[in-house]
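> Pasting a structure here, questions to come.
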Amino acid sequence: MARMGTGMGARRLEHTMACVLVLAAGCVGGCQKPILRPDDPRSQYDRYDALRNERAETYVEDEYGTRRPNVRGRLLGR
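Taking the numbering used here, I'd label the letters of the sequence shown as residues 72 to 149.
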């Protein structure tokens, strides 16, 4: 089986092509819609809570300023 080249240039070309393919795959994957959007209903009672301004926040900030999902507030009852 004959190879196109055995020198350092051929390896560099193969490496560059692999990097381009990985970057292209990453860019294509980033253009899709997110699975869960903030304005999607979260439960059968979410619209009721939103109309009465009692809807739990989607995210909360902890004492260090890190933004985290508000799982506890969304799962606990009022």
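Yeah, the Cβ is synthetic: ideal placement off N, Cα and C, and Gly gets one too.
These numbers were taken from a predicted model, which means no experiment stands behind them.
In whole angstroms, give me the CA-to-CA distance for M88 and L94.
Approximately 10 angstroms, taken between the alpha carbons.
> Could you name the residues that DSSP lists as bridge partners for R126?
None; R126 has no bridge partner.
> Look at the alpha carbon of Y135 and the alpha carbon of A127, and state the distance between them as a whole number of angstroms.
If you take the alpha carbons of Y135 and A127, they lie about 21 angstroms apart.
> For a test of the three-state rule: what should DSSP assign to R139, helix, strand or coil?
DSSP places R139 in strand when its eight states are reduced to three.
> Tell me the rounded alpha-carbon separation between M79 and A96.
For M79 and A96, the distance between alpha carbons rounds to 26 angstroms.
> Going by C-alpha to C-alpha distance, which of R113, Q103, C102 and T129 sits closest to P140?
Among R113, Q103, C102 and T129, the Cα nearest to that of P140 belongs to T129.
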